[in-house]
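Protein chains: 2
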Amino acid sequence: MLLFIGLGLHSEDNLTLEGFKLSKEADKIYLDTYTSYMPGLSIERLEKLLGKKITPLKRKNLESDDIYKIIEEAKRKLVVLLVPGDPFIATTHIQIRLEAERRGVKTRVIHSASIYSAIPGEIGLSSYKFGRSVTITFPYENYISETPYDVIKGNKARGLHTLLLLDINIEKEKFLTIRDAVEILMAIEERRRENVVNEKTLVVGVARLGSPDATIKADFMKNIINYDFGGPPYTMIIPGKLHFMEAEALVILAKAPCIILNSTEH
Amino acid sequence: MLLFIGLGLHSEDNLTLEGFKLSKEADKIYLDTYTSYMPGLSIERLEKLLGKKITPLKRKNLESDDIYKIIEEAKRKLVVLLVPGDPFIATTHIQIRLEAERRGVKTRVIHSASIYSAIPGEIGLSSYKFGRSVTITFPYENYISETPYDVIKGNKARGLHTLLLLDINIEKEKFLTIRDAVEILMAIEERRRENVVNEKTLVVGVARLGSPDATIKADFMKNIINYDFGGPPYTMIIPGKLHFMEAEALVILAKAPCIILNSTEH
């Protein structure tokens, strides 16, 4: 059997009791170290906690034939794949699960916290007012993907909030920052000129969500680029139409400028 | 300090290690028994696990002046409010948190699994292809809210999937079923005739997600209403445009009819 167990947002302490018990019963434990970054996670502490050796998997393991060996192993053994966040936000894990099922290997998922469900409440925006989400990726040579701009535009037209995940490259230890993300959106605006974002667009920046020292700050684009969010990972939200209660929440929970209270709907 | 601690999807075993440790340190523990339903949760087992007495809160406690007493209590003590799922999906909890912060009481959230992040991967649909979500509520006397119909219509027009939460009334032990939800959408279609749903619309029904006996089944509306999903709680997804890998995932993970593989995009 192949068990996908979510590790949650910050550290090994975000494993659920069920995930903890099942990992202790496992014959073999792998850890995805490639799709997300958990600032408080230590493999050594996790090994000590579970009383087992953990085999870290990199991109080259997860997206190559190595994964077939793991699936075959799961035919005879209880194999656990530990995944940051809630498993399957990344397509890679869905592909591995489907391949396992195709080969007759039973699979199960133990869920944990994810940025998707954690963000709305942390900043006080209603979860049902979020439109589709999107990742802002690193520019590739001179190419910048405009998908985030289009997604924000579509959500904004319907008054909806947009959750923006910011790209990471674990192996190169590179993290797209809030500042990078704002500059990318401004560069696309410069080219497209459809007034989707401007200097006065309200943005919520979030760093290290789920950790005791998480940083959350809402401000206008021209100001947020100078704010010090500390270490990664980062997430960004561009609010749509704000209900008064949401605006008040942004002021209280995300230290947004009070002036945003003037332009809300009741 | 007022700590909101998520309980996850199914049972007390979905508490995180961090939530478990902090609950054990608490001076007082309350449990929200009103906003969601966790089929595997037992207050007695939870009390035994934490070694503490737990005070259950009903709607009348959570939405009345009782909550001010709890907030005042949190000025001097470590008060924990245990919440099914990931806290703050319900507006009630955001209001309590804001009121606490206004009164100078420090708050913190310990996240756990939520239906929002768990659904996409369990059925193999890409999380970034979900549009806004919506709750299908119980008809009130003869009135049926058409909001879900409009949300599905808007998402469908942009090829996006829709997550539908199905209403519950814990105190009356009433749960809107997949069948009820399909019949409500069909009744709205009958009136509006905008061809948003019909007998051949593909639907994914999910019952008891996160439990070992979760039921997941995809089928056309005319068939799904006769499928036996077992006990609550229920969730429903109406897929938008399917990528081939998503359709294949629905066939493998949700036993969708193979014919859906014919109408996908590559």
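In the order they appear, the protein sequences are chains A and B.
1 is the number of the first residue of the first sequence in this note's numbering; add one for each residue after it.
1 is the number of the first residue of the second sequence in this note's numbering; add one for each residue after it.
Just so it is clear, CB atoms sit at the ideal spot from N, CA and C, and this is done for glycine as well.
Notebook entry, point to check: Using a C-beta cutoff of 8 Å, does B:S114 count as contacting chain A?
Noted result: So, interface residue.
Notebook entry, point to check: So which of A:K222, A:R208 and A:I259 has the shortest CA-CA distance to A:Y234?
Noted result: With distances taken between Cα atoms, A:Y234 lies closest to A:R208.
Notebook entry, point to check: Nearest-angstrom Cα distance between B:K75 and B:E183?
Noted result: Cα to Cα, B:K75 sits roughly 48 Å from B:E183.
Checklist line | Helix, strand or coil at A:T135 [DSSP, three-state] | finding: Assignment of A:T135 by DSSP, reduced to helix, strand and coil, places it in the strand class.
Note to self: Please classify B:E122 as buried or exposed, where buried requires at least 16 other C-beta atoms within 10 Å of its C-beta.
What the structure shows: The C-beta of B:E122 has 16 or more other C-beta atoms within 10 Å across all chains shown, which makes the residue buried.
Next item on the list: Going by CA-CA distance only, name the one from B:G6, B:I238, B:A26 and B:P56 that's closest to B:E171.
Entry: Considering only B:G6, B:I238, B:A26 and B:P56, the residue with the shortest C-alpha distance to B:E171 is B:P56.
Check: Hey, how far is the Cα of A:N61 from the Cα of A:Y227?
Finding: Rounded to the nearest angstrom, the two C-alpha atoms are 37 Å apart.
Next item on the list: Check the Cβ of A:K129 against every Cβ in chain D and list those closer than 9 Å, keeping chain order.
Entry: No chain D appears in this structure, whose protein chains are A and B.
Margin query: Using CA atoms only, rank isn't needed, just tell me which of B:E12, B:I29 and B:S11 is closest to B:F4.
Written below: Here the closest residue by C-alpha is B:I29.
Note to self: Just to confirm, is the Cβ distance from B:R192 to B:N155 under 8 Å?
What the structure shows: Cβ distance not < 8 Å, so B:R192 and B:N155 don't count as in contact.
Next item on the list: Could you give the DSSP three-state label for B:L250: helix, strand or coil?
Entry: The answer is helix: DSSP assigns B:L250 an H, G or I state.
Next item on the list: Using beta-carbon positions only, say whether B:V204 and B:P232 come within less than 8 Å of one another.
Entry: No, the Cβ-Cβ distance between B:V204 and B:P232 is not below 8 Å.
Next item on the list: Please look up how many angstroms separate the CB atoms of B:G279 and B:I110, rounded, as I've assumed it's under 8 Å.
Entry: As displayed, chain B neither begins before 1 nor continues past 266, which places residue 279 of chain B out of reach and without an answer.
Notebook entry, point to check: Should A:G230 be labelled buried (16 or more other beta-carbon atoms within 10 Å of its own) or exposed?
Noted result: So A:G230 ends up on the exposed side.
Checklist line | Proximal residues of chain A, C-beta to C-beta of B:P87 below 7 Å | finding: By Cβ distance, chain A contributes G121.
Next item on the list: Would you verify that the beta carbon of B:F20 is, or is not, closer than 8 Å to some beta carbon of chain A?
Entry: Closer than 8 Å: yes.
Check: Residues of chain B with CB under 7 Å from A:G210, in chain order?
Finding: One finds H111 in chain B with Cβ atoms closer than 7 Å to the Cβ of A:G210, taken in chain order.
Check: Is the beta carbon of B:V197 sitting closer than 8 Å to the one on B:E190?
Finding: Going by C-beta atoms, B:V197 is not nearer than 8 Å to B:E190.
Next item on the list: Note down, in chain order, every chain B residue with its Cβ under 7 Å from the Cβ of A:A249.
Entry: Under the 7 Å cutoff, chain B gives I94 and L98.
Check: For chain B, is any of its Cβ atoms less than 8 Å away from the one on A:D13?
Finding: A Cβ of chain B is located within less than 8 Å of the beta carbon of A:D13.
Next item on the list: Give the residues of chain B in contact with A:E101, contact being defined as C-beta atoms less than 8 Å apart.
Entry: Chain B residues near A:E101: I252 and L253.
Check: Between B:L82 and B:L160, what straight-line distance do the alpha-carbon atoms span, to the nearest angstrom?
Finding: Each residue's alpha carbon lies about 33 Å from the other.
Next item on the list: Report yes or no: do the segment 138-154 of chain A and the segment 34-43 of chain A share at least 3 C-beta pairs separated by less than 8 Å?
Entry: By the C-beta criterion, the segment 138-154 of chain A is judged not to be in contact with the segment 34-43 of chain A, since fewer than 3 inter-stretch pairs fall below 8 Å.
Notebook entry, point to check: B:D86: buried (16+ other C-beta within 10 angstroms of its C-beta) or exposed?
Noted result: By the C-beta density criterion, B:D86 is buried, having at least 16 other C-beta atoms within 10 angstroms.
Check: Can the beta-carbon of A:A218 be found less than 8 Å from the beta-carbon of A:A181?
Finding: Against a cut-off of 8 Å, the Cβ pair of A:A181 and A:A218 comes out as no contact.
Checklist line | A:K222 vs A:E199 beta-carbon contact at 8 Å | finding: Yes, Cβ-Cβ distance for A:K222 and A:E199 is below 8 Å.
Next item on the list: Could you name the residues that DSSP lists as bridge partners for B:V204?
Entry: Answer by DSSP bridge pairing, in chain order: B:A218 and B:I237.
Check: Among residues of its own chain, excluding the 5 on either side of B:D66, which ones have a beta-carbon nearer than 8 Å to its beta-carbon?
Finding: Excluding residues within five positions, the ones whose Cβ falls inside 8 Å are L57 and K60.
Check: Between the beta-carbon of B:Y306 and the beta-carbon of B:I119, is there less than 8 Å?
Finding: As shown, chain B starts at 1 and ends at 266. That puts residue 306 of chain B outside it, with no answer to give.
Next item on the list: Please list the residues of the segment 153-170 of chain A that have a C-beta atom closer than 8 Å to any C-beta atom in chain B, keeping them in chain order.
Entry: So the list reads G154, R158 and L160, given in the order they occur along the chain.
Next item on the list: Specify, as a first and last residue, the run of the beta strand (DSSP E) that B:R108 falls within.
Entry: B:R108 -> beta strand (DSSP E) spans T107 to I110.
Check: Is A:I260 buried or exposed, if buried means 16 or more other CB atoms sit within 10 Å of its CB?
Finding: That one is buried.
Note to self: Assuming contact is defined by CB atoms lying nearer than 8 Å, are B:G8 and A:T16 in contact in what I supplied?
What the structure shows: Taking 8 Å as the Cβ cut-off, B:G8 and A:T16 qualify as a contacting pair.
Margin query: Could you check whether the Cβ of B:L41 sits closer than 8 Å to any Cβ belonging to chain A?
Written below: Residue contact check for B:L41 against chain A: no CB pair falls below 8 Å.
Next item on the list: From the DSSP output, in three-state form, read off B:P120 for me.
Entry: Helix at B:P120.
Notebook entry, point to check: Whose C-beta lies closer than 6 Å to the C-beta of B:R179 among residues of the same chain, with five residues either side of it excluded?
Noted result: Excluding sequence neighbours, B:R179 sits near I225.
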